[in-house]
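Residue numbering for the first sequence follows our numbering, beginning at 6 and increasing consecutively.
Have a look at the structure below, then the notes.
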Amino acid sequence: MSAGRLSGKGAVCYDVSCVTPFQRAVYDALLRIPVGKVTTYKRLAESIGCHSARAVGQALRRNPFAPQVPCHRVVASDATLGGFEGHRLGAFLKKKRGLLESEGVVFDQSGRVLPEYFLV
DNA sequence: TCCCTGACCCCCA
DNA sequence: CTGGGGGCCAGGG
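Spelled out as structure tokens, the structure:
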């Protein structure tokens with residue numbers, strides 16, 4: 006019930022009472038990714054001082070606030086999609102890709118996000 | 001506490 | 001391209 010705020014200019018709020026401190030750190034980091042850009046599990050992990058991209062994947066996998074908390078803007082290090090809404094299946098990835106494309110992100114023919122869309 | 005499972009990553013064959 | 005192995009760490013049982 007307690008509304009969590011995001012770092013800085015809060016355009017989105019989420020319920021902090023049902024997430025762990027680690028998840029909150031991950032979600033706050035997500036909210037700093039601008040529309041039309043993506044980052045990777047690894048880089049997001051590094052940005053919050055975590056040495057495990059996998060642990061970040063765990064948090065995103067359980068994200069109850071998608072796509073308000075934009076976990077679709079996180080992809081794998083090889084620029085492939087990773088997962089969405091708890092799954093790695095094509096049907097879910099299709100939705101993830103659709104969201105990204107609607108934000109202007111472009112993919113190459115092998116289904117990878119083009120380099121220029123990565124957050125620097 | 002130990003044990004196991006992952007939307008990960010990196011290296012090598 | 002595919003597969004195997006090691007390392008990483010949070011969360012749940």
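Each residue gets a CB set at the ideal place from its N, CA and C atoms; glycine is no exception.
This one's a predicted model, so the numbers in the text were calculated from it and none came from an experiment.
- Note that the C-beta distance between Val-74 and Tyr-32 is below 7 Å.
- When C-alpha distances from Asn-68 are compared across Leu-105, Ala-96, His-92, Pro-39, the shortest belongs to His-92.
- Counting the other Cβ atoms within 10 Å of the Cβ of Cys-76 gives 16 or more, which makes it buried.
- Nearest Cα to Cys-18 within the set His-56, Val-43, Ala-71, Val-118: Ala-71.
- The three-state reading of DSSP puts Asp-20 in strand, counting E and B together.
- In this structure, the beta-carbon distance from Phe-89 to Lys-101 falls below 7 Å.
- Assigned with DSSP and collapsed to three states, Val-118 falls in strand.
- Within the same chain, and ignoring the five residues on either side of Ala-58 in sequence, the residues whose Cβ sits closer than 7 Å to its Cβ are Tyr-46, Lys-47, Ala-50.
- If you ignore the 5 residues before and after Leu-104, its C-beta comes within less than 7 Å of the C-beta of Pro-72, His-77, all in its own chain and listed in chain order.
- Bounds of the alpha helix (DSSP H) holding Arg-66 are 58-66.
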